[in-house]
Amino acid sequence: MDELVRDFGERQVGIGLINKELIAELMISEDEKTWTIIVTSSNGVSCIIAAGESWQPPLPDATGTDSKLNP
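Read in the numbering used here, the sequence shown has 1178 at position 3, and its numbers run on one by one without any break.
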């Protein structure tokens, strides 16, 4: 992961448990130009599962705070 930070400016923005042996990590660059998904095992071995460009953050909630659906 040091290379992702050094070479692409990526930082971890999410982590999730796959099972008792594996975690998934989402890395995104500060400028959101690159992203990487890594799976790491309980023994510390990591594998890049997917990587790409042009990360798009989620859209804001369309209901808004003034909506009757979201009081």
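All C-beta atoms in this analysis are idealised placements derived from N, C-alpha and C, irrespective of residue type, glycine included.
Classify E1185 as helix, strand or coil using the three-state DSSP reduction. For this step, residue 1185 is matched to residue 10 along the sequence shown. Assigned with DSSP and collapsed to three states, E1185 falls in strand.
Within a Cβ cutoff of 8 Å, which residues of the same chain sit near A1225, ignoring the five residues on either side of it in sequence? As a first step, residue 1225 must be located in the sequence shown, where it is residue number 50. For A1225, where only same-chain residues beyond five positions count, the Cβ hits under 8 Å are T1211, I1212.
So, is I1223 buried or exposed, given that buried needs 16 or more other C-beta atoms within 10 angstroms? Along the sequence shown, read from residue 1 onward, the residue named residue 1223 stands at position 48. With fewer than 16 other Cβ atoms inside 10 Å of its own Cβ, I1223 counts as exposed.
C-beta contact flag for S1217 and E1196 at 7 Å: The residue given as residue 1217 occupies position 42 in the sequence shown. The residue given as residue 1196 occupies position 21 in the sequence shown. For S1217 and E1196, yes; Cβs fall inside 7 Å.
For M1202, report the span of its beta strand (DSSP E) as first-last. What you label residue 1202 is simply residue 27 of the sequence shown in a count that begins at 1. 1197 to 1204 is the span of the beta strand (DSSP E), which, as asked, contains M1202.
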